[in-house]
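Undergrad:
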Amino acid sequence: MPRRKRNRRIQVPPVIKGMSVYGVRGRKTNEVILHLEEYEAIRLLDYQNLTQEEAAVFMDVSRPTLTRIYEEARNKVATAFVEGRDLIFRGGDVYFDKNWFRCNSCKASFSDYSEKNEKCPVCNSEDLVSLNDFYMDK
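Sequential numbering from 5 applies to the sequence shown in this note's numbering.
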């Protein structure tokens, strides 16, 4: 029996929940789901230009595991581009480095939320959602 997967650490949640194809309508059934650990691998390797060893440390996985995650992410992104499908960021075996929150009024994301202060630090709104729960609906 294989051992259980370790959860991957995500430092910063995506600023969007997905991407839609321009010029194609009504293709909700053809979505490509990019798991959050795959998003994080692309963010660390391609956006922040880290080495695979450095990115693996950030995600709390081995380098070969990171390579497999990254390869799967590249395949999904390529499929979405070539076939004109929407790309949705959701789910996966992850945990967030900190508790992240988003204000529904001004759309600001922040991690320095305390239970005493139940308001957005940008606009003072009380309409907050936990991003830890926001991205984990499977």
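Backbone N, C-alpha and C define an ideal beta-carbon position, used for all residues, glycine too.
In this text, all values refer to a predicted model and were calculated from it rather than measured experimentally.
(1) List the endpoints of the continuous alpha helix (DSSP H) containing Y26.
(2) Roughly how many angstroms lie between the CA atoms of I73 and K21, to the nearest whole one?
(3) Going by other Cβ atoms of all chains shown within 10 Å of its Cβ, with 16 needed for buried, is C110 buried or exposed?
(4) If we require 4 or more residues per run, which alpha helix (DSSP H) segments fall completely within the segment 42 to 100?
(5) If you count every other CB in all the chains shown that lies within 10 Å of the CB of K9, and 16 or more means buried, which is it?
(6) How big is the Cα-Cα spacing for E76 and G95?
(7) Taking the continuous beta strand (DSSP E) assigned at R13, which residues delimit it?
(8) For the beta strand (DSSP E) containing R106, list its first residue and its last residue.
(9) Cutting at 8 Å between CB atoms, please list the residues of its own chain near E35, excluding the five before and the five after it.
(10) Once the 5 residues before and after L38 are set aside, which same chain residues still bring their CB inside 6 Å of it?
(11) Count the other C-beta atoms from every protein chain shown that fall within 10 angstroms of the C-beta of A59, then say buried if there are 16 or more, exposed otherwise.
(12) Who are the Cβ neighbours of I150 in its own chain at under 6 Å, not counting the five residues just before and after it?
(13) Taking V65 and R106 to be in contact with their CB atoms under 8 Å, please state how far apart those CB atoms are, rounded to whole angstroms.
TA: For this structure:
(1) Y26 -> no alpha helix (DSSP H), and no H or E assigned at all.
(2) 19 Å
(3) exposed
(4) 56 to 63, 67 to 87
(5) exposed
(6) 15 Å
(7) 12 to 14
(8) 105 to 107
(9) G22, R89, D90, L91, I92
(10) K80, L91, F93
(11) buried
(12) Missing from the structure shown is residue 150; the chain here goes from 5 to 142 and no further.
(13) In fact, because the Cβ distance is near 26 Å, the residues do not count as touching under 8 Å.
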